[in-house]
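Numbering (our numbering), first residue to last: 8 to 254.
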């Protein structure tokens with residue numbers, strides 16, 4: 008079993024390998040994390056782990072996206088908002104992120120652009136430092152049985168799902184040429200792009216193998232497409248207009 012200890016960034020979102028994560032970091036415990044990551048040599052990856060916060064738990068006031076203006080909150084301890092045993096507040100499977108860009112603003116907040124790299128299992132959380140750190144077990148991606156055929160079916164279902172979301176006259180949909188054909192990449196791209204709640208995305212992230220993830224996605228896409236077919240007034244979402252680019 009290969010383990011690693013990394014800074015831990017809990018979010019009200021699920022990060023998948025190969026997908027890009029923009030962050031606006033303005034809370035002190037996460038600003039401290041970014042300052043530490045900036046000490047890493049430029050030739051080395053600036054890695055931290057992202058885990059999704061369980062339903063009903065507090066979401067730390069640092070989030071995805073880059074808003075125009077931010078009011079800095081009061082300084083908080085590394086585990087504030089996550090209870091006496093923070094590991095219970097997080098989903099146990101997350102994703103390592105590599106921060107390609109960390110830019111400090113004049114107000115001390117940070118603009119970060121990271122990419123998911125690999126899945127990890129959360130083993131323990133350390134609250135003794137200025138920010139959370141975690142011991143993590145690396146999870147291999149097992150293709151499973153029939154992943155290639157399932158990926159083809161998921162791509163077809165995903166195109167139909169996009170068309171239903173965007174409407175018949177939408178011209179800026181992702182085309183077949185834009186989509187990958189490697190099963191694990193397909194599985195993560197679709198998981199990230201589909202309009203699903205966090206529990207559903209988390210189930211896809213922690214699927215035991217690629218084939219299982221693709222099989223569940225095929226079921227979800229067919230179900231969601233059927234629902235959208237009976238709700239033609241449902242608005243299109245940005246994900247159908249600008250394809251997500253896997254790394």
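Every residue, glycine too, gets a C-beta built ideally from N, C-alpha and C.
**OP:** Use the C-beta contact count for residue 161: other C-beta atoms within 10 angstroms, 16 or more gives buried, fewer gives exposed.
**Re:** buried
**OP:** Quick one: using the 10 Å Cβ neighbour count with 16 as the cut-off for buried, is residue 25 buried or exposed?
**Re:** buried
**OP:** Go ahead and label residue 233 buried or exposed: buried means 16 or more other beta carbons lie within 10 angstroms of its beta carbon, across all protein chains shown.
**Re:** exposed
Subject >> Candidates 15, 140 and 109, of which the one nearest residue 47 by Cα >> reply: 109
**OP:** Reducing DSSP to helix, strand and coil, say where residue 7 ends up.
**Re:** This structure cannot settle anything about residue 7, because the visible part of the chain is limited to 8 through 254.
Subject >> Touch test, the stretch 149-157 against the stretch 43-63, Cβ-Cβ under 8 Å, three pairs minimum >> reply: no
**OP:** Could you pull the start and end residues of the beta strand (DSSP E) that residue 141 belongs to?
**Re:** 140-145
Original post:
Exposed or buried, what is residue 217 when buried is set at 16 or more other beta-carbons lying within 10 Å of its beta-carbon?
Top reply: buried
**OP:** Using DSSP bridges, identify the partner residues of residue 188.
**Re:** The partner list for residue 188 (beta bridge, DSSP) is empty, contrary to what the question assumes.
**OP:** Identify, in the order they occur along the chain, each residue of the same chain with its Cβ nearer than 6 Å to the Cβ of residue 137, setting aside the five sequence neighbours on each side.
**Re:** 39
Original post:
How long is the line joining the alpha carbons of residue 14 and residue 155, rounded to whole angstroms?
Top reply: 35 Å
Original post:
How is residue 111 classed by DSSP in three states: helix, strand or coil?
Top reply: strand
Subject >> Contacting residues, own chain, Cβ-Cβ under 6 Å from residue 209 (five flanking each side not counted) >> reply: 21, 59 and 98
Original post:
With contact counted as at least three CB pairs below 8 Å, one residue from each stretch, are the stretch 211-227 and the stretch 192-203 in contact?
Top reply: yes
Original post:
In chain order, which continuous runs of the alpha helix (DSSP H) of length 4 or greater are located wholly inside the stretch 13-58?
Top reply: 35-44
Original post:
In the DSSP assignment, what are the bridge partners of residue 148?
Top reply: DSSP output for residue 148 lists no bridge partner at all.
Original post:
Which one or two residues does DSSP pair with residue 220 in a beta bridge?
Top reply: Per DSSP, none; premise fails for residue 220.
Original post:
So, residue 128 versus residue 85, is the Cβ gap smaller than 8 Å?
Top reply: no
Original post:
How is residue 122 classed by DSSP in three states: helix, strand or coil?
Top reply: strand
Subject >> Residues bridged to residue 129 (per DSSP) >> reply: 143
Subject >> Spatial neighbours of residue 11 in its chain, beta-carbon cut-off 6 Å, leaving aside the 5 residues before and after >> reply: 143
**OP:** In the DSSP assignment, find the alpha helix (DSSP H) that holds residue 211 and state where it starts and stops.
**Re:** 205-212
Original post:
Name the DSSP bridge partner or partners of residue 10?
Top reply: 144
Original post:
CB residue 106 to CB residue 121, shorter than 8 Å?
Top reply: yes
**OP:** Taking residue 167 as part of the alpha helix (DSSP H), name the residues at either end of that continuous run.
**Re:** 154-173
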